[in-house]
Amino acid sequence: MRRSFYQGLRLWTIARVLVRYRLDVILFTLKPLRPLSFLLYLAPWNWFRRTRGTRGERIRRALEDLGPIFIKFGQMLSTRRDLLPDDIAVELARLQDRVPPFPADQARAVIEAELERPVDIAFAEFSDTPLASASIAQVHQARLQDGREVVVKVVRPGILKTIRADLEVMHTIAALADRYWSEARRLRPREVVNEYEKTVTDELDLIREGANATAIRRNFDDSHLLHIPEIIWDHTRRSVLVMERIGGIPVADVAALRERGVDLRLLAERGVEIFFTQVFQHNFFHADMHPGNIFVDATDPEDPTYLAVDFGIVGSLLDSDQRYLAENFYAFFNRDYRRVAELHVESGWVPKDTRVDEFEAAIRSVCEPIFQKPLDEISFGQVLMRLFQTARRFNMEVQPQLVLLQKTLLNIEGLGRQLYPQLDLWTTAKPFIEEWMHERMGTRAFLRSAREHLPRLLAHLPELPLHLEKALTVEEQRAERDAALRQQIRELEEGLGQQDRRRREGLAALGLLVVAGLTFQLDVPQWLGIAWPAWPAGVLGLGLLLFSLRPLPPRPQN
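Quick note on full-length UniProt numbering: the sequence shown kicks off at 1 and runs consecutively.
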């Protein structure tokens, strides 16, 4: 009851915000509500008020008013160019977690409850002034008793309750959209909210975030491309994460990078290399690579290293999606638009009855004008938007499992555009895709598979004759069962045939009796008093005779 009351109150708050920013007008453009659009003119709040700002601006401001959970949802939606018009997506990309920090005594209380000891004992020093504050958590500077400099991430108190309540409201809205919105089948609002719920819930578990960071750190152990801070597991709990403090230049501070003499072209190319390495080699990628989470170690300007933090959002792909995605990239880089269209059909991303030639022509019209152009002359976001608009014409359904990948790819484009606008994204990325194709689908893939499975096959080799004998015995038994089953089917068919013949004979006899009775009725003297109409009986008798003479259905061949 209490939950229902909160949900109703929250829906009322959302309605007030929609009215405040004149978003009720947008709602009534939806097909189910169009017949009721006249209600807008009856609402008193619409009589004397003017609309200020574009619809994208009004949607962004409404989400900011609704709080951190809706802000994060808007940030996720900003990467979904398949869901939103471009003007709205651009505005949502400007959403920021401008959340005031919570008091230091609350942060200390959370830390002491999780670590089960006072902060002054767990740390030699602890700064009450947070380094950063976001909707989910905030970060403090500290020093361990052994002298190591660390940062302490603390989950915002009470945030779980707020998130769960707002997620229930989002599920309610998604269910209504799924029921009444004509685009729901393709855009799958329930799955989008489910994906967001999983993402935001995972962000609350800092042990999971620490495990994610450790996995990515292990993947790049032998690489100088990316450094991940070490997690201090003795001080890490579900609501508290302690990790090595890193120092570097924020990747968005291009002026400072130039001042240090950093090779920006190399830095931009390495960003692309890190992305494709994580996606196609490790199949485990940092999915929140916005500039606030990325730094640069410029100790050696000619050999810069990326530093990354905040691993609450990571992504991975199914083997099938990874293969289809790699083949799509490979065909795309080679301008094989026919193969791109075929892969979309084979993967089920577009309906099976899609005209491949028409889809190919549509993709070519989008992609061909942008090849061999540097990033400063194109916008990958714009290309994605046009591709999604094209796919919408062919009823392409949203693929929720690819949401994080699209988000990360847009982040990478943004980093590349800031660092080195002349970067040729296609030329830089193509070698990694070709290498993956050779590794997974070429001769090397066959040899690697044989090398991996050969020891197990050799271990079973002595048992091979016994397995062959068992297989032959099983096959003989199956053949005997099949023969017996066929014999039973034949006997059943013969029995049914006999029954059908007897039924036909009975119907024929009945028909003859009716016809005979009709003939007799026509010849009897009128003084017997039998004078019923003759034609119904004649029709019935003739019908029975014709039914009994219909041909038998063909007998199935064994």
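All C-beta atoms, glycine included, are put in the ideal place defined by N, C-alpha and C.
Hey, would you say residue i sits closer than 8 Å to residue j, going by beta carbons?
i	j	result
L245	I228	Note that residue 245 corresponds to Arg in the displayed sequence, not to Leu. Contact: no.
L363	Y337	For the sequence presented, residue 363 should be read as Ile rather than Leu. Yes.
F102	Q141	no
G315	F285	yes
G248	V296	yes
L23	E64	no
L317	N293	no
Q322	F280	yes
T162	I69	yes
M289	N411	yes
I88	R55	yes
A326	R339	no
residue 567	Q422	Because the chain is modelled from 1 through 558, residue 567 falls outside the range shown and cannot be assessed.
E125	P118	no
Please report the straight-line C-alpha distance between residue i and residue j, rounded to a whole angstrom.
i	j	result
Q521	Q498	At Q521, the pLDDT of 49 sits below 50, so the modelled position is not reliable; the number obtained from the coordinates is stated separately. Each residue's Cα considered, the two are about 34 Å apart.
V19	L66	13 Å
G77	V345	For the record, residue 77 in the displayed sequence is Leu; it is not Gly. Spanning the two alpha carbons is a distance of roughly 25 Å.
A479	S347	37 Å
T129	E116	22 Å
L204	I136	7 Å
E342	E149	54 Å
L241	S127	15 Å
Q526	E491	Low local confidence applies: a pLDDT of 47 at Q526 is under 50, so the model's placement there is unreliable, with the coordinate-based value given in what follows. Distance between the alpha carbons of Q526 and E491: 54 Å.
R16	A62	10 Å
P556	R481	Confidence at P556 is low in this model, with a pLDDT of 49, below 50, so the placement of that residue is unreliable and no value is reported for it.
N328	T199	26 Å
P351	A174	24 Å
residue 567	L404	The question about residue 567 has no answer, for the chain in this structure spans 1 to 558.
W532	E494	At W532, the pLDDT of 48 sits below 50, so the modelled position is not reliable and the matter cannot be decided from this model.
L11	H171	12 Å
L226	R335	31 Å
H438	S223	22 Å
Y420	Q406	21 Å
L9	R179	22 Å
N219	A211	12 Å
H235	D120	13 Å
A429	R265	14 Å
Y21	T214	44 Å
R393	F359	9 Å
Taking residue i as the reference, which of the options has the closest Cα?
i	options	result
P304	A268, G292 and Y330	A268
L92	A107, G74 and P85	G74
D202	L492, L176 and R238	R238
N395	P421, I69 and R188	R188
L425	E358, Q487, F333 and R486	F333
L206	V152, A252, L176 and D221	V152
G414	A174, R52, K161 and V90	V90
L144	I232, R486, M289 and F220	I232
E209	D310, F123 and D221	D310
V107	S133, A124 and P85	For clarity, residue 107 is Ala in the given sequence; the question names Val instead. Comparing Cα-Cα distances from A107 to each of S133, A124 and P85, the minimum goes to S133.
A320	T172, W349 and A308	For the sequence presented, residue 320 should be read as Ser rather than Ala. Here the closest residue by C-alpha is W349.
T427	N212, D234, E273 and K352	E273
P431	H171, T277, E360 and A361	T277
D263	A213, G416, E360 and A287	G416
P250	A215, L468 and Y306	Y306
T408	A287, E197 and I433	A287
E191	A113, L402 and E114	L402
P85	T390, A429 and R265	T390
R164	L176, E197, D146 and G147	E197
W436	Y324, P291, E230 and D166	Y324
Inset, instruction - Spell out a yes or no on whether the segment 287-303 and the segment 248-258 are touching, meaning 3 or more CB-CB pairs, one atom from each, closer than 8 Å. - result: yes
Inset, instruction - Please list the segments of the beta strand (DSSP E) lying wholly inside the segment 217-262, counting only runs of 3 or more residues, in order along the chain. - result: 240-244
Inset, instruction - Kindly provide the ranges of any alpha helix (DSSP H) runs that are 4 or more residues long and lie completely inside the segment 106-150, ordered along the chain. - result: For the segment 106-150, whole alpha helix (DSSP H) runs of length 4 or above, ordered along the chain, are 119-122.
Inset, instruction - Inspect the CB distances between the segment 154-163 and the segment 269-276 and report whether three or more fall short of 8 Å. - result: no
Inset, instruction - Mind listing, in chain order, the continuous alpha helix (DSSP H) runs of no fewer than 4 residues lying wholly within the segment 257-338? - result: 264-276 and 319-333
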